């Protein structure tokens with residue numbers, strides 16, 4: 643912001659990093675989940691190990707949490723820099 647970035651640009655920069663890191667983590671996590679399905683079959687009752695609905699819901703919830711966790715601090719930081727919180 644010292645170099646002229648707008649509040650919107652700062653928030654977008656932080657959210658872009660959150661999305662990239664979340665996507666990388668989800669790819670690793672979903673890949674590991676698929677690799678461990680043979681081990682997990684003995685623990686699951688009534689749910690398929692590769693249930694697309696369960697995996698999709700989990701991914702959606704994790705993405706929403708990551709975006710919320712990244713947006714709130716980024717927005718607060720952009721307000722502090724512009725002096726919005728000091729009023």
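In my numbering, the protein residues as written are 643 to 729. A virtual CB, placed ideally from N, CA and C, is assigned to each residue, including glycine. Bear in mind the structure is a predicted one, so any value in this text is a computation, not a measurement.
Here the stretch 647-659 does not lie against the stretch 675-688, with fewer than 3 beta-carbon pairs under 8 Å apart. The beta carbons of residue 719 and residue 664 sit no closer together than 8 Å. Across the structure, residue 669 and residue 714 are spaced so that their CA atoms are roughly 24 Å apart.
Restricting attention to 721, 717, 672, the CA atom closest to the CA of residue 704 is found in 672. One alpha carbon belongs to residue 688, the other to residue 679, and they sit about 14 Å apart. By the Cβ-count criterion, residue 667 is exposed, with fewer than 16 other Cβ atoms from all chains shown falling within 10 Å of its own Cβ.
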